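Asker: Heads up: the sequence shown begins at 5 in the working numbering, then just goes up one per residue. C-beta atoms are modelled at their ideal positions from N, C-alpha and C, and glycine is treated no differently. On a predicted model such as this, the values are computed, not experimentally measured, just so you know.
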Amino acid sequence: MTSTPSVRQPRQNRSKASQEKIFKGAIKLLTERGPEEFTLQELSKRTKVSVGSIYYRFENKEILLSELQKREYQKMWDQLSLAIESVAQRCKCLTDILENANRTYAEHLRDNAPLIRAFMKIALTDKSISTTGTKIYHQSQALYENLILTHANEIQREQQEKAVHSCFRILHVSIARYLGFGSLEPITDGLSWEEILSEIAEIQQYYLLSPTLAR
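Structure below.
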């Protein structure tokens, strides 16, 4: 994920430290107050970096948030990739792969939920933020589905790739709803975290291990 032309990259250690302070402060402000109350004036007050210095590095607030998203989503992607690789190495059958991949992906979303929620709100009106969010979603989808398909010999459905894609949708939509992505409050339906993960895995396993019905 490359930086935009409107970002002045720091070269000296002092400038790098100042930019790091801006990014860390922006994350805290964005997750605590939400995008509606995110201003460069408040960011300046919290970080003790002047508004002028922030504008020197970033052309405007939108550029700052776009650069922040790319940076943080790259970190999320790196972490998820390593975690999924670990699942691939230690799990030897389809049911274990599903349960562990589901937990890994779900906990990844939960751990990053405050920042993801904030960027999802911004994405409604910011095409750059929306594009980056869509890109990381499709990358994560491919990572998950490719892992499950390493056990294609156990899948009983005729269209295996389509079936695994359906399993990812079940997982993502269920967890996104549970965490309150795209809504004001989480929708748990009275289920605990462990219960929702168990239900998702049970549905997926039943679907993948059941032969396609003849029409």
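1. So lysine 96 is in the alpha helix (DSSP H); what residue range does that whole segment cover?
2. Alanine 122 and proline 39: beta carbons closer than 8 angstroms?
3. In the DSSP assignment, the alpha helix (DSSP H) including glycine 137 goes from what residue to what residue?
4. DSSP three-state label for valine 168, please.
5. Let me know the alpha helix (DSSP H) ranges lying completely inside the stretch 57–109, each 4 residues or longer, listed in chain order.
6. Does the distance from the C-beta atom of glutamine 160 to that of proline 118 stay below 8 angstroms?
7. Using 8 angstroms as the threshold, is the C-beta distance between cysteine 226 and tyrosine 141 below it?
8. What is the DSSP secondary structure of valine 2, reduced to helix, strand or coil?
9. In whole angstroms, give me the CA-to-CA distance for methionine 5 and serine 144.
10. Give the range of the alpha helix (DSSP H) segment to which proline 215 is assigned.
11. Mind checking threonine 51: buried by the 16 CB within 10 Å criterion, or exposed?
12. Is the distance from the Cβ of leucine 195 to the Cβ of arginine 107 below 8 angstroms?
13. Are there three or more Cβ pairs, one per stretch, closer than 8 angstroms when the stretch 44–59 is compared with the stretch 126–136?
Answerer: Considering the structure as presented:
1. No alpha helix (DSSP H) holds lysine 96; DSSP gives it neither H nor E.
2. yes
3. 131–152
4. helix
5. 65–94
6. no
7. Residue 226 lies beyond the residue range present for the chain, which begins at 5 and ends at 219; the question has no answer from this structure.
8. No answer is possible for residue 2: it lies beyond the span of the chain, which begins at 5 and ends at 219.
9. Only weak support is given to the placement of methionine 5: the predicted model assigns it a pLDDT of 44, under 50, and the question is left unresolved by the model.
10. Proline 215 -> no alpha helix (DSSP H), and no H or E assigned at all.
11. buried
12. no
13. no
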